[in-house]
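Residue 1 is where the sequence shown starts when you use my numbering, and the numbers rise one by one after that.
By construction, the Cβ of each residue, glycine as well, lies at the ideal position given by its N, Cα and C atoms.
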Amino acid sequence: MKLRHNVVGALIAAVVAAAGMVAIGTAPVTAVAAAGGTGTGYLHTSGNKILDSTGATIRLTGINWFGMETDNKTFHGLWASRTWRQQVDQMAQLGYNTLRIPYSNDALKPDAKATGINDYSNPDLVGLSPLQILDKVIAYAGQKGMRVILDRHRPTSAGQSALWYTAGAPETTWINDWKMLAQRYAGNTTVIGADLHNEPHAEGTNPAATGSCWGCGDTARDWRLAAERAGNAILGVQPNWLIFVEGVSCPSGGLSNVWDGDPSNDEDCGWWGGNLSKAGQFPVRLSVANRLVYSPHEYATSVYNQPWFSAPNYPANMPGIWDKYWGYLYKQNIAPLMMGEFGTTLANPVDKVWLENLMAYTGTGVNGMSFTYWSWNPNSGDTGGILNDDWTTVNQAKQNILQPYLIPPAGGPGPTTTTTTTTTGGGGTGACKSAWKLDNSWQGGFQGALTVTNTGTDAANPWKVTFTLPSGVTISNGWNGTFSQSGATVTVTAPSHAPSLGAGASVSLGFTANGTTAAPSAVTLNQLPCTA
């Protein structure tokens, strides 16, 4: 269903290779402890939360950087006129704390060659194998405080597969390669887990299904059982890893016969890898407790125009759809969720509404659902990327929607120890100022951001902002603080990771609301009124 990966990449790689910019060689594996926004040590789960080794709640807010699953067998964009380190630097600076790295088993072969590398901008990659380049990226990402999830994206670089194995890449290869990677990065807490297989999906028309099912009991097709076999094999080598398990598209593993004239036989299907509706009834059972993370995929009209995008109650219908396919696992405290892929070109206004509502659905702060956006790469055929085609400038329209939900890695707002209890905003009227920006509106709702600046001489620690909305206007989601509402009064308290608002500092309180579009009024910071 998705065409994203390698059309542009193969063309550019051919041009680069013709210009003599190729590479391949050796690099050490480095163990780096993560810090800051992604916590410390290995991660584990508890209910619907991901926790670090100290028990602190962690939210993975990451990005996909693809290429290692394609014919290039290494990261795309290494052909650009900037270093690979600059790309990782930029990811961290933008607030992405996790890197999901797709690969194919072809890239892991002893004779695999990495191509499409500009040896002028990336001379240190010359002579390295795909795995050695991966070592360097992982080591540097760890230095930035980022985490890494490895994603077995394809059995071969030729394309995705409905099942987790093919004739040329049997299940034994799949599992043995995972065990090799688990051993290679043992002790390196930057690498936190395995996304077992990308987008298992239906194939064949029912009753002659040949694709991945969930809970059907056929060991050759039941993805849930295969995930248990691979997950337990990995945990036997590396018991500290998280095991990320995607959904299927149709639980039966086959497509419905839409020509039989009987809609009662038509199965409820979703995105490839996006249907976890049977995981509650048939959960993945792992040999090590508290290691399972379900990882659905979710896309917009630029990938495929699903019928729900044209429903008369769109986008109000979307939370119910997300609940049905995967959100219930989080809401019922069954397991954590990490959306491994979601993305759009934003060419269609419907998609902008979709992305805004999807992010709001994930929740705010460290208690929200984890995610890795698709993708960093601009050469993703049906979504584009966070980067523009120059591999340098940022698609600000996308970044602006994601930004309120990003928790930066080391150097960002990590755990904070508070030693003061000052509750003033600087003293006196005018000790703060506020500014309102309406970002979007639609029938029955709107989204905007209230920026509050501490213009006083003392820190507000912890800070608390209140404001008033017209009667009938209610907050549906908010970020960069904890929102509560009583009548027309909205109260926003500081998040635990950033309790202090220093003198001269600002906080942007973004939210979506139901009701007539209106600007907040009567804004206060720690009970002192703000000027506009």
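Pairwise C-alpha distance: residue j and residue i
i, j, result
"residue 443", "residue 373", "28 Å"
"residue 531", "residue 480", "21 Å"
"residue 285", "residue 228", "6 Å"
"residue 419", "residue 145", "In this prediction, residue 419 scores a pLDDT of 28, lower than 50, which makes its location untrustworthy; the coordinate-derived value is nonetheless stated afterwards. Those two C-alpha atoms are separated by around 25 Å."
"residue 133", "residue 467", "51 Å"
"residue 141", "residue 527", "42 Å"
"residue 68", "residue 520", "48 Å"
"residue 60", "residue 98", "6 Å"
"residue 394", "residue 381", "17 Å"
"residue 437", "residue 449", "5 Å"
"residue 389", "residue 80", "10 Å"
"residue 511", "residue 321", "22 Å"
"residue 271", "residue 246", "11 Å"
"residue 529", "residue 485", "18 Å"
"residue 256", "residue 250", "9 Å"
"residue 173", "residue 63", "27 Å"
"residue 447", "residue 349", "15 Å"
"residue 476", "residue 244", "30 Å"
"residue 208", "residue 471", "57 Å"
"residue 403", "residue 217", "42 Å"
"residue 487", "residue 460", "25 Å"
"residue 169", "residue 155", "6 Å"
"residue 47", "residue 462", "29 Å"
"residue 513", "residue 358", "15 Å"
"residue 167", "residue 230", "18 Å"
"residue 206", "residue 304", "22 Å"
"residue 100", "residue 522", "44 Å"
"residue 107", "residue 282", "33 Å"
Beta-carbon spacing of residue i, residue j below 7 Å
i, j, result
"residue 370", "residue 318", "no"
"residue 237", "residue 289", "no"
"residue 149", "residue 187", "no"
"residue 552", "residue 356", "Since the first and last residues shown for the chain are 1 and 532, residue 552 lies out of range."
"residue 73", "residue 110", "no"
"residue 495", "residue 365", "yes"
"residue 42", "residue 240", "yes"
"residue 273", "residue 298", "no"
"residue 198", "residue 153", "yes"
"residue 161", "residue 71", "no"
"residue 248", "residue 200", "yes"
"residue 38", "residue 147", "yes"
"residue 214", "residue 136", "no"
"residue 515", "residue 473", "yes"
"residue 435", "residue 455", "no"
"residue 195", "residue 151", "yes"
"residue 138", "residue 189", "no"
"residue 242", "residue 287", "no"
Close Cβ partners of residue i (< 6 Å) along its chain, the five nearest in sequence each way excluded
i, result
"residue 335", "292, 294, 329"
"residue 77", "391"
"residue 465", "452, 492, 525"
"residue 163", "212"
"residue 385", "375, 376, 377, 378"
"residue 210", "203, 204"
"residue 171", "165"
"residue 482", "493"
"residue 509", "450, 480, 481, 492"
"residue 535", "Any property of residue 535 remains undetermined from this structure, which presents the chain solely from 1 to 532."
"residue 253", "202, 209, 211, 212, 213, 221"
Cβ neighbours of residue i in the same chain (closer than 7 Å, five flanking residues each side left out)
i, result
"residue 441", "517"
"residue 219", "225"
"residue 352", "346"
"residue 489", "466, 468"
"residue 66", "5, 76, 102, 375, 377"
"residue 83", "121, 122"
"residue 396", "none"
Other residues of its chain near residue i: CB distance less than 8 Å, five sequence neighbours each side excluded
i, result
"residue 354", "300, 301, 309, 315, 318, 344"
"residue 548", "The requested residue 548 does not occur in the structure, where the chain is confined to residues 1 to 532."
"residue 323", "331"
"residue 280", "328, 329, 332, 334"
"residue 367", "49, 57, 59"
"residue 363", "369, 477"
Touch check for the stretch 395-407 and the stretch 499-506: three-plus C-beta pairs under 8 Å? no
At least 3 beta-carbon pairs within less than 8 Å: the stretch 88-98 vs the stretch 115-135: no
Would you call the stretch 39-55 and the stretch 79-88 in contact, with 3 or more CB pairs under 8 Å? no
Secondary structure, beta strand (DSSP E): runs of 3+ residues fully inside the stretch 99-186: 147-154
At what residue ranges does the stretch 198-259 contain a whole run of the alpha helix (DSSP H), taking only runs of 4 or more? 223-237
Every unbroken beta strand (DSSP E) within the stretch 314-389, with a cutoff of 3 residues, ordered by chain: 341-343, 370-373
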